[in-house]
Structure formats: structure tokens, C-alpha cells
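Everything below concerns the one structure shown next.
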Amino acid sequence: ALRSRSGRSIINGNWAIDRPGRYEGGGTMFTYKRPNEISSTAGESFLADGPTNEVLDVYMIHQQPNPGIHYEYIIPGDNVISPQLLAHRRPGEPLNGQLERPESTNHDEEDLHGETDTLTGQSVGTFPVIQPGRFPSHQPENQVPAVQLSRQNREYNWKQIGKTECTTTCGKGSQYPVFHCVNRVTHEEVPENYCDSSTKPIPEEEACNIFPCPAFWDIGEWSECSKTCGLGMQHRQILCRQIYANRTLTVQQYRCHHLEKPETTSTCQLKICSEWQIRTEWTSCSVPCGVGQRTRDVKCVSNLGDIVDDEECNMKLRPNDIENCDMGPCAKSWFLTEWSDRCSAECGDGIRTRSVVCMTNHVSSLPLEGCGNNRPSETTPCNNGPCAGKVEWFAGSWSQCSTECGGGTQQREVICVRKTEGNFDVLNPYECSYLERPPSQQSCYLKPCGSKWFHTEWSTCSKSCEGGFRVREVRCLSDDMTTSTHCDPQLKPEEKEPCNTQDCIPEIDENCKDKYYNCNVVVQARLCVYTYYKTACCASCTRVANRQSGFLGHR
């Protein structure tokens, strides 16, 4: 993060992370870079041309060990001597094209004016006054200080015959003097053991080729493409750099004007975007009458024709693959509850009951205007076996409910009896102990009675063989036969069940033929439900019926 001493945040302030870009602060414009953490190991960076007009503080938060900070800067100044030139200049050599003044010059009052740093175009710092008399004395390069030599070595001495090659061609390299043993008189090279090895000078590093290298464009890596598919943009950072003293420094861009600047932006395309394709037509409506649904197959397809995940396509442009369909009003059907579990008689003949009501049916395909007069029976006979000689519990009638509405209790008398012809003998309760004794008390509710599940008859099976299904409509109705939501969901009858699971046996009806040439009109008008047209256009009506059965069997 970067902020001023006044506390104003410039980049990544107030615990919020900014996007990479350009931000103004400290009197200059900062370029903030944050490479992709997955594809690049480079760290974050701030870069500004400057100059700054206030002190700025850099803050860093890290969870791993501190990765450190690398920084470069340029300090402006006037009339400064390049420290590289001072370090290797000898007395009497020109400085900025001017010779030193004679030794009689008052050195304490005379300043030497340095030259501008040839690397940055600006001075790199202010140096103190240099007095020529204070330079160290210098001896010719091809001689060494006089030493007391042994008698046998007085004929030979060490002589500098040259220097090693400079380590660089520009930007300040280093080289070392080379010393060989020579004859003192003839200066011919002789084996080194002729000279005293203890007097051989130690080669000292010398700077060479101190002029700066030519500036060059430092090209950064391309950023990730702005789009995962289709035409996008990518960016890279271009800096003008110069090498000096084995360091690469950022310099003003005008130093690279002799070179063509590479592009900082470029178009990119990782791949061609996938597109939505509608693979099938709409299916038939899911119901023969009323409001149902129809579907179609919609897939995301790549430019190679492969089916890919939906996320590869633009979800906002996805065509609908399901919609409602209205097949017109439905006929009415009888809705029935299940038969009661208990027979009305504990032994002998009795009946079981169910409820029957006529309502609009959204499933049946029968072209009926109403339920008709064939009302299903509400009772069915039942028999729990002969009563003669049978020992059983006899339960009397329940008393009135203890409350007029809501939950209450009611009582009844329960005795053990044996039934004979036309009579009952009361027995000791022990005689009936092996039988489950009916309760003598129960809860009661006078009103309301609550809601019940009602259902229609099962529809015709969707397939005549190889496994189809049949459906019925189930509704929860209250006492006044209006729709209710108070039925127990766990007791809800099934609305769909499999049927005709046996294998198909091909049947060919030789008499099933079309008697008219325009039977396709009969099919389109949906007249096959009538017996006359079903017979006159038997082949066409049978084909369409088989197609509808196949569709229902696959849903």
C-alpha cells in the first residue's frame, strides 16, 4: 500500500485492494502493477516518473516470510562530478576537458565542478570539494616500488605487461593488471621462479568501459487475455532501461527514442466462443387436456461441434428448453377415496365404504362433458367369517363426545361374549384375553371433520407392453369439497405407477386399413377418438396412437 504522511491513501488504502492501473499522488502519477499470482512469480510494483513533492510511505502486509522490497530512484542535482570518473582519474588528467590548475593554486578555495552523469541525464548526488594535492601519488604502470632484493634476484624484476580483458563492453566493467617476470636489462620474459614471488604485486581491480551502455526497451510479460473466448485485449509494461555497474536501472523514456517502442496492448483470442444450439423440436404437450408442459433439447456447442458445459456459453442468451402448453378444457371425472380399512361387521356380512365426487379431470383424455350417470359405488360387501360359537370382544356404542367441537373423548362398554344361534353369552374377560381388546375410550372431534385425499380412476396405460405408466389425479378436499392443504402428505395416494411390464408381441391386423385417401386430415383434426373415424382411418389413427404411447413411455 502507498500513502502520504498526511494519512491520505494513494494505492490499496483502508484495507481495500485496488485494481492495477494509474493513480495520482505525491505530485506525480504512479503505475500500479499486480501480476497474476498463478502464472507469474513477479511481485507487485509501483512506478512513477517523478519528481515527488512530499514524503510517501510504502506499507506491506504478508502472511508468508517477508519477500523483501527492491527499489530504484533518481536524485536530481547540479554541477556534480561522476564518482566513477573521480575514482580512476590521475593528477594532470583533464576533468570535463579542463586541466588542473598548477600546484600553486589555493586548493582550499577552488571547487572542482563535476560533470553531469551520462547515465541518467541528471546528477546522481553532490560530492565534496576535491583538492588535486590530495590524490594519491602515482607511479608508471610498468614499474613497481623499489624493494630490497636478494643478490640472486637483482637481475630480474616483475613488470606489468598489460591488463586482462574488460568484463563488459559498456556500463562499467572490471579488469586486472598482468605481471610477468622479466630481465631487468633486456626486459625479456623469463620463468616466474627467476623473480622473488614475495615481491610480486597483487593485481588490483580497475574499472573499465565506464561509459553507460545504450538504453533499451525492457519488455514485460503479456497480461492474461481480458476474455476467455472471443476477441479480447492484453497488456504489457514497456520500460526504458540502461545497464550500469552490473545493475539495470529505469531511465527517462527519451533515452530510448532511437529505438522503436514495442506495443503495450494487443488483441488476443484464446478460443472461439461456444454457442447455443437447439437440437430437437418441441415435444408433445405432457397432458392431453388442460395446461401442461413441453420440452426441447438445448445444448452448448463448441466451435469444433462438441457438446460442452453450459457455462461455456452466454447464459443470458440461452433459448428456453421448457414452456407451458394449453390443450384446452378437460372433461369431468369421478374422484374416489380408498375403501375404508374396517368392515362394518366384526363377523358375518358387512360393508366397507368410500367417498365419491365428480370434478374436472386434468389427466383423462375422454371427450366427456360431465361425469355421466355411472356413479361408482360408495359401498362394497365384506365378511369377517362366521359368528356362531365364536368368542370375541363385544363393544357397545360410543357415548357422546365430551366436547361439542375440537378434541374430546368418548366412552363405550367392552365385554367378552360367545355368540350362539340368535343369542350372546357374556363370559369372563379372561376367556377373551388371547384376543386384542378393543379400546374403551377414544378421542373425538365433532367439527371440523378435517380434509381427505380424493383421486380419480387410473388412466389407460401409456404402453400396451414393455413397461408403460398410468396416472390419476389426486386432490386434498375439505368437508365442503373445496381444495384444502390440510391432508397428511404421507397418506397421499400415488399419482403415477408402472403398468404393462410384459414383453411386446407384434400384432398385425390385416383388417386395419385406411378407407379414405385424406385420413391425414382426420388425424390433424383429432377425430380419431370417435369410433367412426377410428374405423374408417384405422391405420392412420393407430400410428398416431402408438407415437403418443411411445412419447408418454419415455417421459
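The opening residue of the sequence shown carries number 1 in UniProt numbering; numbering runs sequentially from there.
C-beta: ideal position from N, C-alpha, C; glycine also.
- Could you tell me whether the Cβ of Gly43 comes closer than 8 angstroms to any Cβ of chain C? The structure shown has no chain C; it contains just one protein chain.
- Based on the DSSP output, what are the partners of Ile238 in its beta bridges? Locating residue 238 in the sequence shown gives position 238, counting from the first residue. Checking the DSSP bridge columns, you'll see Ile238 partnered with Ile219.
- Query: Straight-line CA distance for Val182 to Ser174?
  - Reply: Reading the sequence shown from its first residue, position 182 is the one you call residue 182. Reading the sequence shown from its first residue, position 174 is the one you call residue 174. Those two C-alpha atoms are separated by around 26 angstroms.
- Between the CA atoms of Ser284 and Thr380 - distance to the nearest angstrom: Taking the first residue of the sequence shown as 1, we reach residue 380 at position 380. Taking the first residue of the sequence shown as 1, we reach residue 284 at position 284. The alpha-carbon of Thr380 is positioned some 40 angstroms away from that of Ser284.
- Tell me which same chain residues have a C-beta within less than 8 angstroms of the C-beta of Glu72, skipping the five on either side of it? Here residue 72 refers to the residue found at position 72 when the sequence shown is read from its first residue. Taking C-beta separations shorter than 8 angstroms and ignoring five residues to either side along the sequence, the partners of Glu72 in its chain run Leu249 and Thr250, following chain order.
- 8 angstroms Cβ cutoff met for Trp217 and Leu270: In the sequence shown, the residue the question calls residue 217 occupies position 217. In the sequence shown, the residue the question calls residue 270 occupies position 270. Between Trp217 and Leu270, the C-beta spacing is not below 8 angstroms.
- Return yes when the Cβ of Lys452 is within less than 8 angstroms of the Cβ of Cys401, no when it is not. Position 401 of the sequence shown, counting from 1, holds the residue named residue 401. Position 452 of the sequence shown, counting from 1, holds the residue named residue 452. No, the Cβ-Cβ distance between Cys401 and Lys452 is not below 8 angstroms.
- Query: DSSP on Cys256, reduced to helix/strand/coil?
  - Reply: Against the sequence shown, residue 256 aligns to sequence position 256. Reduced to three states, the DSSP call for Cys256 is helix.
- Decide if the region 24-32 is in contact with the region 44-57; the criterion is three or more beta carbon pairs, one per stretch, under 8 angstroms apart. Counting Cβ pairs under 8 angstroms, three or more are found: they touch.
- Message: Between the alpha carbons of Gln442 and Trp393, how many angstroms are there, rounded?
- Response: Within the sequence shown, numbered from 1, the residue matching residue 442 stands at position 442. Within the sequence shown, numbered from 1, the residue matching residue 393 stands at position 393. So the alpha carbons of these two residues sit roughly 17 angstroms apart.
- Message: In the DSSP assignment, the beta strand (DSSP E) including Val185 goes from what residue to what residue?
- Response: Here residue 185 corresponds to residue number 185 of the sequence shown, with the count starting at 1. Per DSSP, Val185 belongs to no beta strand (DSSP E) and is neither H nor E.
- What are the start and end residues of the beta strand (DSSP E) that includes Tyr32? As a working note, residue 32 is residue 32 in the sequence shown. Counting along the chain, the unbroken beta strand (DSSP E) around Tyr32 starts and ends at Thr28 to Lys33.
- Query: Does DSSP classify Glu275 as helix, strand or coil?
  - Reply: Sequence index remark: in the sequence shown, residue 275 carries index 275 (1-based). In the structure shown, Glu275 sits in a strand (DSSP, three-state: E or B).
- Item | Supposed contact pair Lys172 and Ile210 - C-beta distance, whole angstroms, cut 8 angstroms | In the sequence shown, counting from the first residue as 1, residue 210 sits at position 210. In the sequence shown, counting from the first residue as 1, residue 172 sits at position 172. Correct: roughly 5 angstroms between the Cβ atoms.
- Query: With distances taken from CA atoms, which of Lys463, Gln277 and Asp479 is nearest Lys447?
  - Reply: On the sequence shown, residue 447 is found 447 positions in, with the first residue counted as 1. Closest by alpha carbon: Asp479.
- Message: Suppose you measure from the CA of Pro493 to the CA of Val529; what does that come to, to the nearest Å?
- Response: For the purposes of this step, residue 493 is taken as the residue at position 493 of the sequence shown. For the purposes of this step, residue 529 is taken as the residue at position 529 of the sequence shown. Straight-line measurement puts the Cα of Val529 at about 29 angstroms from the Cα of Pro493.
- Which same chain residues, not among the five before or five after Ser365, have their C-beta less than 6 angstroms away from its C-beta? Position 365 of the sequence shown, counted from the start, is the residue given in the question as residue 365. Reliability of the predicted coordinates at Ser365 is poor, the pLDDT of 46 falling under 50, and the value obtained from them is presented with this limitation in mind. Only Pro288 meet the Cβ criterion.
- Item | Among Asp310, Arg8, Thr409 and Arg547, the one whose alpha carbon lies nearest that of Asp321 | Working through the sequence shown from its first residue, we reach residue 321 at position 321. Measuring from the Cα of Asp321, the nearest candidate turns out to be Asp310.
- Going by Cα to Cα distance, which pick from Asp196, Thr168, Val417 and Pro177 is closest to Glu155? Here the question's residue 155 lines up with position 155 in the sequence shown. When only C-alpha atoms are compared, the closest one is Asp196.
- Message: If you reduce the DSSP assignment to three classes, tell me which class Val522 lands in.
- Response: In the sequence shown, counting from the first residue as 1, residue 522 sits at position 522. Helix.
- Is the region 272-283 touching the region 298-318 in the sense that three or more CB pairs, one from each, lie closer than 8 angstroms? Taking a cut-off of 8 angstroms for Cβ pairs, the region 298-318 and the region 272-283 touch, as three or more such pairs fall below it.
- Task: For Ser223, count neighbouring C-beta atoms within 10 Å of its own C-beta (all shown protein chains included) and say buried if the count is 16 or more, exposed if not.
- Result: Taking the sequence shown and counting its residues from 1, one reaches residue 223 at position 223. So Ser223 counts as buried.
- Query: Is Gly232 near Cys225, with beta carbons less than 8 angstroms apart?
  - Reply: As a first step, residue 232 is located in the sequence shown; it is residue number 232 there, counting from the start. As a first step, residue 225 is located in the sequence shown; it is residue number 225 there, counting from the start. Closer than 8 angstroms, so yes.
- Task: Could you name the residues of the same chain whose beta carbon sits closer than 6 angstroms to that of Gly468, not counting the 5 residues immediately before and after it, in chain order?
- Result: Position 468 of the sequence shown, counted from the start, is the residue given in the question as residue 468. Correct list, in chain order: Cys461, Ser462, Cys499, Asn500 and Gly553.
- Sort Tyr434, Pro20, Gln237 and Leu2 by Cα distance to Leu56 and report the nearest one. Mapped onto the sequence shown, residue 56 falls at position 56. Comparing Cα-Cα distances from Leu56 to each of Tyr434, Pro20, Gln237 and Leu2, the minimum goes to Leu2.
- Task: Ignore the nearest five residues each way along the sequence and tell me which others in Pro376's own chain have a CB closer than 7 angstroms to its CB.
- Result: In the sequence shown, counting from the first residue as 1, residue 376 sits at position 376. Result list for Pro376: Trp334, Leu336 and Val356, in chain order.
- Message: Measuring straight from C-alpha to C-alpha, what distance separates Ser464 and Thr482?
- Response: Residue 464 sits at position 464 when you count from the first residue of the sequence shown. Residue 482 sits at position 482 when you count from the first residue of the sequence shown. So the alpha carbons of these two residues sit roughly 36 angstroms apart.
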